[in-house]
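In terms of the numbering used here, the sequence shown is residues 949 to 1122. Using N, Cα and C, we set each Cβ at its ideal position, and we do this for glycine too. For clarity, every value in this text was computed on a predicted model and none was experimentally measured.
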Amino acid sequence: MWKVLYPHFLVDSVVELTPERLRTLGIENLLLDVDCTLKRYALQEPEPEVMAWLNLLRDENFKLCLLSNGVGTRIGQFATLVDLPYIAKACKPFPSGCRRAFREYGFEPSKTAIIGDQIFADVMAGRLAGIRTFLATPIAPEEEHWFTRIKRPFEKIVLRSFKLAYPDGIWKER
Ligand SMILES: [Mg+2]
949 MWKVLYPHFL VDSVVELTPE RLRTLGIENL LLDVDCTLKR YALQEPEPEV
999 MAWLNLLRDE NFKLCLLSNG VGTRIGQFAT LVDLPYIAKA CKPFPSGCRR
1049 AFREYGFEPS KTAIIGDQIF ADVMAGRLAG IRTFLATPIA PEEEHWFTRI
1099 KRPFEKIVLR SFKLAYPDGI WKER
């Protein structure tokens, strides 16, 4: 019952997804949440270490696509800044945005993962689309919209039960 809410992997930051780690998992494509995952909601730019990570993955031939519920103009500006394709208004937790990336960018689901900071958006969308999911600790969550912040206490409950079941932060089929 919890499975759709459980990430496959828990990480502190996107930068933990090194090329080596992704290759070991057979992941070639990444769908990237924007707000609180790549950058602070209130800022337009990511931290330098995140920018360096994006460039590293690109240099290593990983295919990346931003996948955000944010509006097109704001996400489009960020996409231009980091020079990546994007899908805005992705309607996460529904899997339609992920599926659009499969269609439009040729991302093969078995080689694709999503990384984001919200269980009730990023993890669910990835689970429902049948891809692997990384849940990252949100960057400055206090800056997000109230309708995101009200979900956080419920996410904490799910996260607590996930950590009890999987203390190493890695989900396993049981
Ligand atoms: Mg987010």
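Straight-line gap, residue i to residue j (C-alpha atoms, nearest Å)
i, j, result
"Trp-1119", "Val-962", "18 angstroms"
"Ile-1062", "Phe-1068", "13 angstroms"
"Ile-1105", "Glu-976", "32 angstroms"
"Phe-1042", "Thr-1081", "14 angstroms"
"Gln-1066", "His-956", "13 angstroms"
"Gly-974", "Phe-1055", "13 angstroms"
"Thr-1021", "Ala-1027", "10 angstroms"
"Val-1019", "Pro-967", "30 angstroms"
"Glu-997", "Ser-1044", "30 angstroms"
Neighbourhood of residue i by C-beta, 6 angstroms cutoff - its chain only, sequence neighbours within 5 removed
i, result
"Ile-1087", "Cys-984 and Arg-988"
"Leu-1083", "Pro-955, Leu-958 and Val-1071"
"Leu-1032", "Leu-1012 and Leu-1014"
Helix, strand or coil at residue i according to DSSP, with G and I counted as helix
i, result
"Ile-1023", "helix"
"Asn-1009", "coil"
"Gly-1064", "strand"
"Lys-951", "helix"
"Leu-1004", "helix"
"Lys-1120", "coil"
"Val-982", "coil"
"Leu-958", "strand"
7 angstroms Cβ shell around residue i - same chain, five flanking residues per side excluded
i, result
"Ile-894", "Not covered by the structure: residue 894. The range shown for the chain is 949 to 1122."
"Ser-1109", "Trp-950"
Within-9 angstroms CB hit, residue i to chain C
i, result
"Gly-1074", "Looking at the structure shown, chain C is missing, and only one protein chain is on hand."
Bridge partners - residue i, DSSP secondary structure assignment
i, result
"Asn-977", "Lys-1011 and Thr-1060"
Beta-carbon contacts of residue i that lie in its chain and below 8 angstroms, excluding the five residues immediately before and after
i, result
"Asp-960", "Ala-1084 and Thr-1085"
"Pro-994", "Leu-986, Lys-987, Leu-1002 and Val-1030"
Would you mind listing the beta strand (DSSP E) stretches within the segment 1032-1113 that are 3+ residues and don't spill past its ends, in chain order? Runs found: 1060-1064 and 1080-1084.
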